[in-house]
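Student: Input: one structure, supplied below.
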Amino acid sequence: MHAPSSLQVASSEPDAVAQVRVAVVGLGYWGPNLVRNLHELPAAEIAQVCDRLPDALTAIERRYPGVRTAVDVADVLADPAVEAVAIATPVATHFELALAALEAGKHVFVEKPLAASSEQAVALADMARERALVLMPGHTFLYSPPVNLIRTMIERGDLGEIYFISTSRVNLGIHQSDVSVVWDLAPHDFSILRYWLGETPTSVAAMSRSCIIPEIADVAFVNLAFPSGAVAHVEMSWLAPSKLRRTAIVGSEKMVVYDDTSNEPVRVFDSGVVPRDPETFGEYRLTYRTGDIVSPPVSPVEPLALELNDFCAAVRTGAAPRSSAALGVDVVRMIEAVDRSLAASGAPVTLDGDR
Ligand SMILES: NC(=O)c1ccc[n+]([C@@H]2O[C@H](COP(=O)([O-])OP(=O)(O)OC[C@H]3O[C@@H](n4cnc5c(N)ncnc54)[C@H](O)[C@@H]3O)[C@@H](O)[C@H]2O)c1
5 MHAPSSLQVA SSEPDAVAQV RVAVVGLGYW GPNLVRNLHE LPAAEIAQVC
55 DRLPDALTAI ERRYPGVRTA VDVADVLADP AVEAVAIATP VATHFELALA
105 ALEAGKHVFV EKPLAASSEQ AVALADMARE RALVLMPGHT FLYSPPVNLI
155 RTMIERGDLG EIYFISTSRV NLGIHQSDVS VVWDLAPHDF SILRYWLGET
205 PTSVAAMSRS CIIPEIADVA FVNLAFPSGA VAHVEMSWLA PSKLRRTAIV
255 GSEKMVVYDD TSNEPVRVFD SGVVPRDPET FGEYRLTYRT GDIVSPPVSP
305 VEPLALELND FCAAVRTGAA PRSSAALGVD VVRMIEAVDR SLAASGAPVT
355 LDGDR
């Protein structure tokens, strides 16, 4: 039994629902956060932890005495007590590990991005569907209270037509040696855009530079155009003087600034421009409106706890998690489009590979 969680994420769970027995594979930088949240979650039980580095296991054992450990993932997959596997290993290993887990009949939570190519991501999604197993990519921001508040405002039409979204996700570090800043950070913004707008872009154009490590881009600027007419700009970098997690959403009725580093993460501006009928052809009269700025209250719940709770609920009920495999596939396709545009010197490309 776990200590009661202060997160109130499982208060609606029926008492009779059995805990999902999850093994966590990959205990580097991010994996221990999965272990901590699963340990605190009433809906889950840590069945095993696995890393091929014994030191990583020792660190977890010290914090969670008695936890079962394995250096070889084959031991985890052969264990009938393990119902589900949460994978937090480098991107290049996601496909192989997730495929092996699905083949072994385990439900799979795999950290973002779902896989290193859309071909791999689709193959995983197909296998999970065929075997009636949950496959959930870890798009944590889909569980962020500010992100969900903004989604509700967009859905209700509070912001009017979404004209454009501009986002900055920059910081000093951590430079990855195996993936570009796009594969590392874009899953966050692309999953949020896909979630807010409910559509994938028709066109993607990108520019990047590898400033520190040759061939590993550490700054990228991406422009996306969506079927609804909305356009977006995503700036991402591991090379920046200060940490920014700032998104501006500009609609025809209202504008929003979402700053994930602020204790007022969502600010809604009742501002806009109203074009009046032109008096003569080509002459526009514009009225600028600057009204109230409102900062709605936002729940302090840790998104990762909500995310893992949704995974456990999906395992128990069979319902698709909010961070669905289909969304994970779309995000990988968006990242691939960025790479194709970069290879074409920044030319706009479609998600289907056309120029
Ligand atoms: N959701 C988020 O906000 C978030 C944040 C950071 C990282 N991530 C994701 O988490 C994943 C891991 O990133 P990280 O920064 O923790 O990487 P990391 O390199 O720090 O850790 C990876 C760990 O996996 C272990 N590992 C690799 N292959 C293994 C195998 N076959 N069997 C067992 N263990 C194996 C390594 O020994 C290492 O300890 C990535 O997919 C990354 O994108 C997500």
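For the sequence shown, this note's numbering begins at 5 and goes up steadily by one.
Glycine residues also receive a C-beta, built at the ideal position from the N, C-alpha and C atoms.
All figures in this text were calculated on a predicted structure; none of them were measured in a lab.
#1: Please name the residue in His98, Gly164 and Val26 whose C-alpha comes closest to that of Ala119.
#2: What's the C-alpha gap between Val261 and Pro300?
#3: Quick check: the Cα distance between Val278 and Leu355, rounded to an integer number of angstroms?
#4: Measuring from the CB of Pro94, is there a heavy atom of ligand 1 at a distance below 7 Å?
#5: For the structure I just gave you, are there three or more beta carbon pairs, one from the region 58-73 and one from the region 323-338, closer than 8 Å?
#6: Opposite Gln52 in the DSSP bridges: which residues?
#7: Where do the ends of the beta strand (DSSP E) carrying Leu228 lie?
#8: What would DSSP say about Ala85, mapped onto helix, strand or coil?
#9: Which partner residues of Met211 appear in the DSSP bridge assignment?
#10: Pro149: which of Glu311, Leu81 and Ala92 sits nearest, CA to CA?
#11: Inspect the beta-carbon positions of Val75 and Pro94 and report whether they are closer than 8 Å.
#12: Should Pro245 be labelled buried (16 or more other beta-carbon atoms within 10 Å of its own) or exposed?
#13: Taking the straight line between their C-alpha atoms, what separation do you get for Val319 and Leu137?
#14: So the beta strand (DSSP E) Ile169 belongs to, where does it begin and stop?
#15: Do you know offhand how far Glu115's Cα is from Leu81's?
#16: Where do the N-terminal and C-terminal ends of the beta strand (DSSP E) with Gly142 fall, by residue?
#17: Between Val186 and Met240, is the Cβ-Cβ spacing less than 8 Å?
#18: Along the chain, where does the beta strand (DSSP E) containing Pro307 start, and where does it finish?
#19: What residue range does the beta strand (DSSP E) around Leu290 cover?
#20: Of the residues Glu306, Asp343 and Gly70, which one's Cα is nearest the Cα of Val151?
#21: Please go through the same chain and pick out, in chain order, the residues whose beta-carbon is closer than 6 Å to the beta-carbon of Ser15, but skip the five residues on each side of it.
#22: Got a sec? Which residues, its chain only, sit under 6 Å from Arg250 by beta carbon, not counting five neighbours each side?
#23: Looking at the secondary structure, which residues open and close the alpha helix (DSSP H) in which Phe99 lies?
#24: When you compare only the Cα positions, how much space is there between Val226 and Cys215?
#25: What first and last residue would you give for the alpha helix (DSSP H) that runs through Val126?
#26: Measuring CB atoms only, is the region 158-176 touching the region 192-203, in the sense that at least three cross pairs come out at less than 8 Å?
#27: Please indicate yes or no: does the CB of Gly35 lie closer than 7 Å to some heavy atom of ligand 1?
#28: Counting along the chain, where does the beta strand (DSSP E) carrying Gly255 start and finish?
#29: Taking the alpha-carbon positions, what's the Glu100 to Val89 distance?
#30: From which residue to which residue does the beta strand (DSSP E) around His237 run?
#31: Can you tell me which of Val24, Gly255, Gly30 and Ser345 puts its alpha carbon nearest to the alpha carbon of Arg293?
Tutor: By the coordinates alone:
#1: To locate residue 119, count along the sequence shown from 1; it is residue 115. Ranking His98, Gly164 and Val26 by Cα distance to Ala119 puts His98 first.
#2: Position 257 of the sequence shown, counted from the start, is the residue given in the question as residue 261. Position 296 of the sequence shown, counted from the start, is the residue given in the question as residue 300. Cα to Cα, the separation comes out at about 12 Å.
#3: Numbered from 1 along the sequence shown, position 274 holds the residue referred to as residue 278. Numbered from 1 along the sequence shown, position 351 holds the residue referred to as residue 355. If I take the Cα positions, the gap works out to 34 Å.
#4: To locate residue 94, count along the sequence shown from 1; it is residue 90. Checking the Cβ of Pro94 against ligand 1 gives yes.
#5: no
#6: Sequence index remark: in the sequence shown, residue 52 carries index 48 (1-based). BP columns for Gln52 point to Ala27.
#7: Numbered from its first residue, the sequence shown carries residue 228 at position 224. Per DSSP, Leu228 belongs to the beta strand (DSSP E) from Val223 to Ala229.
#8: Start at 1 with the first residue of the sequence shown, and residue 85 comes out as number 81. Here Ala85 sits in coil by DSSP.
#9: On the sequence shown, position 207 is the one that residue 211 refers to. BP columns for Met211 point to Phe225.
#10: As a first step, residue 149 is located in the sequence shown; it is residue number 145 there, counting from the start. The shortest C-alpha separation from Pro149 is found at Glu311.
#11: Locating residue 75 in the sequence shown gives position 71, where the first residue counts as 1. Locating residue 94 in the sequence shown gives position 90, where the first residue counts as 1. No, the pair does not count as a contact, with Cβ atoms beyond the cut-off.
#12: Indexing the sequence shown from 1 puts residue 245 at position 241. Exposed: under 16 other Cβ atoms inside 10 Å.
#13: Indexing the sequence shown from 1 puts residue 319 at position 315. Indexing the sequence shown from 1 puts residue 137 at position 133. Going from the Cα of Val319 to the Cα of Leu137 covers about 8 Å.
#14: One-based indexing of the sequence shown puts residue 169 at position 165. Taken as a continuous stretch (DSSP letters only), the beta strand (DSSP E) holding Ile169 covers Ile166 to Val174.
#15: Within the sequence shown, the letter at position 111 stands for residue 115. Within the sequence shown, the letter at position 77 stands for residue 81. Taking the straight line from one Cα to the other gives about 18 Å.
#16: Start at 1 with the first residue of the sequence shown, and residue 142 comes out as number 138. Leu139 to Gly142 is the span of the beta strand (DSSP E), which, as asked, contains Gly142.
#17: Here residue 186 refers to the residue found at position 182 when the sequence shown is read from its first residue. Here residue 240 refers to the residue found at position 236 when the sequence shown is read from its first residue. Against a cut-off of 8 Å, the Cβ pair of Met240 and Val186 comes out as a contact.
#18: Here residue 307 is taken as the residue at index 303 of the sequence shown, counted from 1. Pro307 -> not in any beta strand (DSSP E); alpha helix (DSSP H) instead, spanning Pro307 to Thr321.
#19: As a position in the sequence shown, residue 290 is number 286, starting the count at 1. Its beta strand (DSSP E) spans residues Arg289 to Val298.
#20: The sequence position of residue 151 within the sequence shown is 147, counting from 1. Among Glu306, Asp343 and Gly70, the Cα nearest to that of Val151 belongs to Glu306.
#21: For the purposes of this step, residue 15 is taken as the residue at position 11 of the sequence shown. Low confidence applies to Ser15: its pLDDT is 47, below 50, so where it sits in the model is not reliable enough to give any reading.
#22: For the purposes of this step, residue 250 is taken as the residue at position 246 of the sequence shown. Counting only Cβ-Cβ distances below 6 Å, and skipping sequence neighbours, we find Ser172 and Asp263.
#23: Locating residue 99 in the sequence shown gives position 95, counting from the first residue. Judged by DSSP secondary structure, Phe99 falls within the alpha helix (DSSP H) whose first and last residues are Val95 to Glu107.
#24: For this step, residue 226 is matched to residue 222 along the sequence shown. For this step, residue 215 is matched to residue 211 along the sequence shown. Approximately 17 Å between the Cα atoms of the pair.
#25: Position 122 of the sequence shown, counted from the first residue, corresponds to residue 126. Start and end: Ser122 to Glu134.
#26: yes
#27: Counting from one through the sequence shown, the residue named residue 35 turns up at place 31. Correct: Gly35 has its Cβ closer than 7 Å to ligand 1.
#28: As a working note, residue 255 is residue 251 in the sequence shown. Per DSSP, Gly255 belongs to the beta strand (DSSP E) from Leu248 to Gly255.
#29: Here the question's residue 100 lines up with position 96 in the sequence shown. Here the question's residue 89 lines up with position 85 in the sequence shown. Cα-Cα distance, rounded: 13 Å.
#30: The residue given as residue 237 occupies position 233 in the sequence shown. It spans Val235 to Ser241 - the beta strand (DSSP E) in which His237 sits, taken as one unbroken run.
#31: Here residue 293 refers to the residue found at position 289 of the sequence shown. The residue with the shortest Cα to Cα distance from Arg293 is Gly255.
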